[in-house]
Each structure stands twice: as C-alpha cells, then as structure tokens.
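Engineer: Take this structure, written in structure tokens, and hold onto it; I'll ask about it next.
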Amino acid sequence: MEKRTILAFALIFLIFLISNQFIWKPKQEALLEKQKKEALEKADQQDYAPQETPIPIQNEQNSIYNSLVFNDSIAIVYDLILENETIKITFSNLGGNISSVELKEYRAQDRVSNIELVPENQKLANLRIFSKNKQMYDLDEAVFNYDIIGENGIIFTVNTTSGIIRKEYTLQEEYTLDMNLSVENFENIDRYEIGLEGGIADTEEFIKYKHQDYKVYTQVDSELLKRALKSLRTKDQIVELKSTINNDPAKKQKKLKTYETSGKIDWASLRSKFFNLSIIPDEMIRINKMSYFNNEGQPALYLNARLDRETFEHQYQFYFGPSLYNNMAQFNNGIEKIVEMGPGFLQWLSKLFHKLFNFLHSFIPSWGVCLLIFAILIKLLLYPLTHKSFEASSKMQAVMPKTREIQAKYKHDPLLMHKEMKKMHKEEGVNQFGGCLPMLLQMPIFFALYPILRYSIDLRQAGFLWIKDLSAPDPYLIMPILMGVFMFLQSYLMQPKNSKTAEMDEKQQAQMQSQKMITYIMPVMMFFMFKNFPSGLVIYWTVFNVFSIVQMLFIRNKFEHLKPAKG
Numbered sequence: 000m001e002k003r004t005i006l007a008f009a010l011i012f013l014i015f016l017i018s019n020q021f022i023w024k025p026k027q028e029a030l031l032e033k034q035k036k037e038a039l040e041k042a043d044q045q046d047y048a049p050q051e052t053p054i055p056i057q058n059e060q061n062s063i064y065n066s067l068v069f070n071d072s073i074a075i076v077y078d079l080i081l082e083n084e085t086i087k088i089t090f091s092n093l094g095g096n097i098s099s100v101e102l103k104e105y106r107a108q109d110r111v112s113n114i115e116l117v118p119e120n121q122k123l124a125n126l127r128i129f130s131k132n133k134q135m136y137d138l139d140e141a142v143f144n145y146d147i148i149g150e151n152g153i154i155f156t157v158n159t160t161s162g163i164i165r166k167e168y169t170l171q172e173e174y175t176l177d178m179n180l181s182v183e184n185f186e187n188i189d190r191y192e193i194g195l196e197g198g199i200a201d202t203e204e205f206i207k208y209k210h211q212d213y214k215v216y217t218q219v220d221s222e223l224l225k226r227a228l229k230s231l232r233t234k235d236q237i238v239e240l241k242s243t244i245n246n247d248p249a250k251k252q253k254k255l256k257t258y259e260t261s262g263k264i265d266w267a268s269l270r271s272k273f274f275n276l277s278i279i280p281d282e283m284i285r286i287n288k289m290s291y292f293n294n295e296g297q298p299a300l301y302l303n304a305r306l307d308r309e310t311f312e313h314q315y316q317f318y319f320g321p322s323l324y325n326n327m328a329q330f331n332n333g334i335e336k337i338v339e340m341g342p343g344f345l346q347w348l349s350k351l352f353h354k355l356f357n358f359l360h361s362f363i364p365s366w367g368v369c370l371l372i373f374a375i376l377i378k379l380l381l382y383p384l385t386h387k388s389f390e391a392s393s394k395m396q397a398v399m400p401k402t403r404e405i406q407a408k409y410k411h412d413p414l415l416m417h418k419e420m421k422k423m424h425k426e427e428g429v430n431q432f433g434g435c436l437p438m439l440l441q442m443p444i445f446f447a448l449y450p451i452l453r454y455s456i457d458l459r460q461a462g463f464l465w466i467k468d469l470s471a472p473d474p475y476l477i478m479p480i481l482m483g484v485f486m487f488l489q490s491y492l493m494q495p496k497n498s499k500t501a502e503m504d505e506k507q508q509a510q511m512q513s514q515k516m517i518t519y520i521m522p523v524m525m526f527f528m529f530k531n532f533p534s535g536l537v538i539y540w541t542v543f544n545v546f547s548i549v550q551m552l553f554i555r556n557k558f559e560h561l562k563p564a565k566g
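Under numbering that gives the first Met the number 0, residue 566 is the last one in the sequence shown; the count climbs by one each step, no gaps.
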C-alpha cells in the first residue's frame, strides 16, 4: 500500500508539472531574441498594411511634405506631467503620446526609484488614421499644440489640411487615465488605430519565464483571448507572413489568428507578471479588430476603430498599474480575468485562499510569517484527508503478513484470492484505496493555491529571513534544498520497517525496491522543479511537508501495535 501512496504523490506532482507546463503555462522555451530597431520610415511603410502608403507628417526633421500640417514652428516638449498620489504620467506634444508611466507605490529593482511601465524610447496611445483610398496618416511625428487644464488635465491639438485632431487626457484617482479623442472634418476617413504599441516594460530582475508570463489579453465577442509573448510575431515577421498568404484565402484565415483578431472588442491589455497596461474603449465605439505583435521583446497591440463619418468624439479609459483583482473588477467588464486565478472551475477556491491570505496580513505585518501560518491552516484543513490516507497506509503495512499468506495459498486461483483478500480487508478494517483517494482529493487545493502564490504582487520585494524577495527564487537555493530533504524524509518514513520487509515474498520485495527508487528520485525532481519558483511558494510547500511528517509520525506510532488477526 505504501507504493500506492507514494505513486499518488508522484501522480499529483506529475499532473501538476504537466498542467503547469502545457495547460496553464506553455512549455519553457528560450526567450525570443530581441529584434533590431526598425527605422521609423520603414515601420510607417510596412506596419501591418504593406499595401497602404503612409503619408508622413510635417515636423522639424521632415521638410519634404508640407500639405498636412499647417504649423511647423511649434517647439517639442517631452516632459508634460500629470500625477496623483499613486501614479506619474509623462506626455510629449510630439504625437500627443504617453512616454512614461511611473507607479509611486512600487519600487524598481534598486528599491529606490519608482516602477516604470513604459519601455525606454517607447510610447503609448499613438494615433494612426487611414483613408478610404488606403493612405495612412501617422500622428507619431506630428507636433501638437497643448494646453494644461487644471491640475489633472491636458489637451493636445493639431490642425491639418485634412482636419482638426484633439487628444484630451484627464487623470482620475489611483491608476485610471481618461482620454477623449476628437476629430473634426477629416475628409475621406475610413478607420483609425490607437493602442499600446510601445509594450510593457520589464520590472523584475528574474525574467526567465517572461515568454509565458507576459501576455496580450482581450475580450472579443464576450470571450477571453490571450496570447503569450512567445507566440507573438515581430512586425517584420507579420509583413513577411502577409506577403505569403494574400493569394491563399484558406491559409489567410488560419494565419490571421497569429497576429490579429476580429469581432467586438470590449477591452485589451498587456500584462507582465505583476503589472498591466489596459485600454478600455467606450461601448459605443466600433472596435472591430485588434492587432498584437512583439515589439522588441515586449507584447504590444493596436485597436482598430471603424468609422462612417468625418467628425467624431470617442472616449477611452486607460488602467496603468498592478494586476490586483479588486482594482480590475471595479470596471465591471470582465477585465479582471487577466489576473491569474488558476483554472476556471477552481477560481472560487483561489479567491477564497486569496482573501484568507490577505486577512492574515491585516494583523501580521510579515508576509513570510503569514505564509507559515497559512501553510499550517491549510494543513489543518486537510488533516482529515491526510490522516485517513496515513491511517490506511499503516493498516496495510500491519496486515501485510496476512496478505502474503493469502497470496501464497491461493496463487493458482486469482478469483478466490481476490475474494479472500476482500474478506480479510473487511475484517481488519482496511481500505486498499484509502491511501490514494484522499491524496488525489488534495489536488484541487494545490492547483488553486499555485497561481495565488506564484503571481501574488504582495510577495514582491517582501523579505523573510535571508530572502529579500519572496516573489523571486531563493538566490542561495536553501529553501529548495530543505524542501527536497523533507520530501525525502516523508517518503522514507512511509516505507515498511526492515522486519516487515523480511516477511515479504520476492514480488513484494521487488515492489519495495521500486518504492525506494521513487523515494530518492522524487525529491531530486521536485528540487529542480521548485528551484526557479518564487521562494514564497517554496516556503509554503516546505512548511506543509514538515507538518505532514509530524502527522505521519503520530499516526505511525498510533498503529505500531496493530497486528494481523489470527484465524
């Protein structure tokens, strides 16, 4: 029976590993090699629509075209700032774009400067207008007039020969920014694109799993769509792909899904491990398509709005901040789905654990201590299951001599052997599946806990003992080693004593040898699996194993006197 119990443990972690690598998190691959920066003119000409001819905007560096912008004498300003207690957003009148987003309540890796969410030399909220004759007006290089409105607003305006374009930004409380986009008398307009084309910046030192942690999310036709960074194509790759599929409609429909999606877009988001940049259009805007791509190693996106008039006014909301469930749920549009909460059927349990975890921290300042207490509480919650499992295992060991006798006596009659075995188990109060089923029932607990501890921003830069960041792997590998040691002890204690092993037949002894191999292999396998996991998750699992060993010793002593019945 000990073998069944150990195999149950092995099955739990095997399914856990497979689920982590192939269901929740794609199998680890090498990080995508960063692409060389494209020249701006080339990007304008090729970006998503090589058949469309871009029309440059007049600026100080470009004097060839002068038919679109009236005023070319406006000075460029790069440090226009809106800020509140939690966020500082920097704008430039070059394009009327966002060039920096700093979060005041979160620190960078130096633990001094604020978190920056916009990658260096990148921007957000750029506008590109497309005419019905397939020409593109990229406002990225247009120099806007600007006016500061009170303490929390700024308006950018540019007058062109084709119409007037305005971007009005208003900073709300915490992490929300409103944008009012208006265009007047822009002739022959067909659609426009606006988005988060600059990507989301790296904020952590440990980014080994960036290719699976960084994602593009959207809700299209009321369904959640997500694309991991590793599956996104670069702009050059998209242009090359388009050139190969234009003449093949069947192939085109299949390949389109690799860089765009069509339908009613409710919102779109770029998410790193702990933070996100999100754009939420007003529900009256006809957002009918989203393009997503790899911008120099970062996920990025554009939203496409279809138009049927030359003058319009559209409202957008931006959320730039931590991926906290309560923060995202306030929008009441499904965007909270970007927060990792595990498999859908277990999310209720994940949310329950999350509330319990935060309740503990409401009166315990140390997140490390909260983890210890949390592990103890979960162990107490699972105590009936594990007690039943260990009890069944102990009973099976106690009746092993009786089992061997029945197997020897009825070895030529399997049906009668099975009947006598069931009879003996009933008389001794032994359930041969009692050690496996309770262990399998614990799997939902582990699966619900994993995303909570894996993606908890609360553990970010929280120290405990020698560990400076509970959201990052233990730099000294102390906790993974301790975890492996305690797993070995747990497996070792589950093995029968030598006196009982001597009473086994050759088949049973062969099974015991297999158990010993698992005893040595499993801790090593788990060490390599957990050494790159957040140290907070490893602490929880180690403490859980320690209390499992204590419980096992208690039950083993309790049933040490148990002997097989005579007769």
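Idealized CB from N, CA, C, for every residue including glycine.
Name the DSSP bridge partner or partners of Y145?
Structural biologist: F155
Engineer: Between the C-alpha atoms of A124 and Y258, what's the straight-line distance to the nearest angstrom?
Structural biologist: If I take the Cα positions, the gap works out to 19 Å.
Engineer: May I ask which residues mark the beginning and end of the beta strand (DSSP E) holding F292?
Structural biologist: 286 to 294
Engineer: Write down the C-beta distance between G162 and F129 rounded to the nearest angstrom, noting that I regard them as a contact closer than 8 Å.
Structural biologist: Not a contact, Cβ separation roughly 14 Å.
Engineer: Taking buried to mean at least 16 other C-beta atoms within 10 Å of its own C-beta, is A407 buried or exposed?
Structural biologist: exposed
Engineer: Please state if the CB of Y318 and the CB of P174 are separated by a distance shorter than 8 Å.
Structural biologist: The sequence shown places Tyr at residue 174, rather than the Pro named in the question. Yes, Cβ-Cβ distance for Y174 and Y318 is below 8 Å.
Engineer: Among the residues of its own chain, which have a CB less than 8 Å from the CB of Q489, if the five just before and after it don't count?
Structural biologist: N544, S547, I548, M551
Engineer: Quick one, which of P533, E172, G198, H353 has its alpha-carbon nearest Y301's?
Structural biologist: G198
Engineer: Can you confirm whether the stretch 366 to 380 touches the stretch 456 to 476 when touching is taken to mean that 3 or more C-beta pairs between the two stretches lie within less than 8 Å?
Structural biologist: yes
Engineer: Report the three-state DSSP secondary structure of N331 (helix, strand or coil).
Structural biologist: Annotated three-state conformation of N331 is coil, per DSSP.
Engineer: Scan the stretch 456 to 494 and note each continuous alpha helix (DSSP H) run of 4 residues or more that stays entirely inside, going in chain order.
Structural biologist: 477 to 492
Engineer: Extract the residue ranges of the alpha helix (DSSP H) inside the stretch 65 to 145, only unbroken runs of 4 or more that lie entirely within it.
Structural biologist: none
Engineer: Cβ atoms of N151 and L81: under 8 Å apart, would you say?
Structural biologist: yes
Engineer: At what residue ranges does the stretch 262 to 287 contain a whole run of the beta strand (DSSP E), taking only runs of 3 or more?
Structural biologist: 264 to 270, 274 to 280
Engineer: Is the CB-CB distance between F487 and P522 below 8 Å?
Structural biologist: yes
Engineer: Whose C-beta lies closer than 8 Å to the C-beta of L345 among residues of the same chain, with five residues either side of it excluded?
Structural biologist: P443, F446, A447
Engineer: Beta-carbon within less than 6 Å of V219's beta-carbon, same chain only, minus the 5 sequence neighbours each way: which residues are those?
Structural biologist: T260, G262, I264
Engineer: Looking at C-alpha atoms only, which residue of K122, Q108, N92 is the closest neighbour of S99?
Structural biologist: K122
Engineer: Going by C-alpha distance, which of M283, I153, Q297 is nearest N275?
Structural biologist: Q297
Engineer: At a cut of 8 Å, does the stretch 463 to 471 reach the stretch 526 to 545 through at least three beta carbon pairs?
Structural biologist: yes
Engineer: Can you give me the Cβ contacts of K241 inside the same chain, cut-off strictly under 6 Å, excluding the 5 residues immediately before and after it?
Structural biologist: Excluding residues within five positions, none has a Cβ falling inside 6 Å.
Engineer: From A299, A74, N113, S72, pick the residue whose C-alpha is nearest to that of I88; which is it?
Structural biologist: N113
Engineer: If you follow the beta strand (DSSP E) that R453 is in, where does it begin and where does it stop?
Structural biologist: Note, R453: premise wrong, no beta strand (DSSP E); alpha helix (DSSP H) at 442 to 453.
Engineer: Can you give the Cα-Cα distance for Y208 and L376, rounded to whole angstroms?
Structural biologist: 30 Å
Engineer: Return the chain-ordered list of same chain residues with a C-beta closer than 6 Å to the C-beta of S91, the five sequence neighbours on each side being excluded.
Structural biologist: Y77, S98
Engineer: Compute the beta-carbon to beta-carbon distance between Y168 and I153, rounded to the nearest angstrom, for a pair I have assumed lies under 8 Å.
Structural biologist: 5 Å
Engineer: Sort out for me which residues DSSP pairs G320 with in a bridge.
Structural biologist: N275
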